[in-house]
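Note sheet for the following structure.
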Amino acid sequence: MRVSRLNHRVTIQRYAEYEDDHGISREGWVDLKTVWCSMNNLYGKEYWEAKQYSAENTIEFVIRYNACKDLSVNGYRLKQGNRLFNITSIDNVQYNNEMLKIKAIEVIA
Numbered sequence: 262m263r264v265s266r267l268n269h270r271v272t273i274q275r276y277a278e279y280e281d282d283h284g285i286s287r288e289g290w291v292d293l294k295t296v297w298c299s300m301n302n303l304y305g306k307e308y309w310e311a312k313q314y315s316a317e318n319t320i321e322f323v324i325r326y327n328a329c330k331d332l333s334v335n336g337y338r339l340k341q342g343n344r345l346f347n348i349t350s351i352d353n354v355q356y357n358n359e360m361l362k363i364k365a366i367e368v369i370a
């Protein structure tokens, strides 16, 4: 993949315990890091498979492997602008440790 296609910014968030401004322990979504990515709508067979699960707005993100190699489906989500995405799958493309292909469903509030 060409690096020039990584032309969007996305923030990786983790659900964790943190201390607020008053020193009180709370749980919630915490920004982990902001990385460059490409964003694509699903099409063809992948689109119809997602549609079976009522995943109306499924987006495929591609980031560099080293940007967040500990990323997991559980306890992580993506934020792009004001949009939030729950991660449904993560693929280490051809196990080359170069790119992560992330499928995520947009959270509609």
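Per our numbering, the sequence shown starts with residue 262, numbered consecutively.
A virtual CB, placed ideally from N, CA and C, is assigned to each residue, including glycine.
Note that this is a predicted model, so its numbers are computed, not measured.
By alpha-carbon distance to Asp352, the top candidate from Arg344, Arg325, Leu345 and Asn343 is Arg325.
The Cβ neighbour count for Thr295, taken over all protein chains shown within 10 Å, is under 16; the residue is labelled exposed. For Cys329, no beta strand (DSSP E) run applies, since DSSP gives it neither H nor E. Nearest C-alpha to Val354 among Val323, Leu293, Met300 and Asp282: Val323.
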